[in-house]
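So the structure is just underneath, and the comments pick up after that.
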Amino acid sequence: MARILLIVSAAGHVRLADGTDHPTGYWAEEVAESHRVLTEAGHHVDIATPDGRRPSADPISLDGAGAKYRAYLESLAGLATPLKLADVGVDGYDALYLPGGHAPMTDLAVDPALGRLLTAADDAGKVVAALCHGAAGLLSARRADGTFTFAGRAMTSFSDEEERQGGLGEKSPYFVESRLREEGAAVTPGPAWSSTVVVDRNLVTGQNPQSSVDTAARVARILATGSIS
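With our numbering applied, the sequence shown covers 1 to 229.
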């Protein structure tokens with residue numbers, strides 16, 4: 001059994017390009033399906049937020065088909081009483097996993113404690129996984145010389161095309177794909193709304209909510225076998 005730290009944004013809004021605040025949170029499907037797949041594979045999952053505050057789901061992610069995740073999320077004690085990110089070290093975990101929703105663009109992307117954890121985990125060869133807008137959290141990771149920890153690494157994220165088609169559009173505070181590429185990442189998104197997972201050594205990234213199950217399954221398989229294949 002591996003130990004996984006699910007790092008969830010606790011932000012309740014995102015500041016749009018026009019200066020207004022847009023309500024948001026974590027994306028219900030991404031947290032619920034990731035947690036389910038990882039625990040059903042026999043792994044232990046802890047949940048942490050930047051300040052140890054209980055996170056909330058993006059209301060839109062619980063509408064329609066997303067309503068089926070409400071009961072599962074309410075059953076997770078780790079969401080009600082998450083760990084504080086600054087109090088957590090990488091030594092007790094085999095993997096760090098960042099689900100999305102627009103919220104990570106607000107707090108995870110600039111959280112120094114997360115940046116230190118991600119860099120330490122990458123240096124130790126532990127699995128680092130990011131899903132959809134959770135990839136914005138990777139932006140927090142810097143080396144001593146200020147360079148982006150994941151520069152040159154192959155990855156995907158919620159794509160600029162998807163942001164324009166079904167996200168915040170031009171009101172988005174920034175486009176995650178473009179920002180990662182500006183930092184030197186080799187971002188290669190798949191077709192819009194496809195389940196796309198990119199693995200570069202210990203780094204596993206999924207593109208969008210449609211990639212939730214496949215991303216978690218790939219992480220579970222790597223942890224079980226020690227192989228990225």
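We put the beta carbon where it would ideally sit given N, CA and C, even for glycine. None of these values were measured; they are calculated from a predicted model.
Taking each of D94, F175, R201, D111 in turn and checking the Cα distance to L16, the smallest one comes out for F175.
Rounded to the nearest whole angstrom, the C-alpha separation of S140 and M105 is 10 Å. Only residues of its own chain outside the window of five on either side were considered, and among them M1 have a CB closer than 6 Å to the CB of G42, listed in chain order.
Check the Cα spacing between L5 and each of G64, D18, K84: the tightest is with K84. The closest CA to that of A136, considering only D122, T147, R179, is found on R179. The three-state secondary structure of T24, taken from DSSP, is coil. Nearest Cα to E33 within the set A154, I60, G66: G66.
The C-alpha of H35 lies about 13 Å from the C-alpha of G100. If you draw a 10 Å sphere on the C-beta of D58, you find 16 or more other C-beta atoms in it, and that means buried. Within the same chain, Cβ atoms closer than 7 Å to the Cβ of V127 are found at D94, A95, N202, V204, V219, I222, L223, the five residues on either side in sequence being excluded. Within the same chain, R218, I228 come within 7 Å of V199 by CB-CB distance, once the 5 residues on both sides are set aside.
If you draw a straight line from the Cα of G19 to the Cα of K171, it comes to about 9 Å. In the DSSP secondary-structure assignment, M155 is bridged to V187.
For L5, the uninterrupted beta strand (DSSP E) segment begins and ends at 3-7.
Under a 10 Å Cβ-count criterion, P112 is classified as exposed, with fewer than 16 other Cβ atoms of the shown protein chains found around its own Cβ.
When DSSP states are grouped into helix, strand and coil, D87 belongs to the helix group.
In chain order, A192 place their CB closer than 7 Å to the CB of Q165, counting only its own chain and leaving out the 5 sequence neighbours on each side. Under the DSSP definition of a beta bridge, D51 lacks any partner. Rounded to whole angstroms, the Cβ separation of L131 and S211 is 7 Å, and the two are in contact under 8 Å. Secondary-structure assignment with DSSP links R142 through a beta bridge to F148.
Put simply, the backbone Cα of A185 is about 5 Å away from that of A151. A distance below 8 Å between beta-carbons, with the five flanking residues on each side excluded, links M155 to the following residues of its chain, in chain order: A130, A135, L138, L180, A185, A186, V187, T188, V198, D200, L203, T205.
Distance from the CA atom of A48 to the CA atom of S9, rounded to whole angstroms, is 9 Å.
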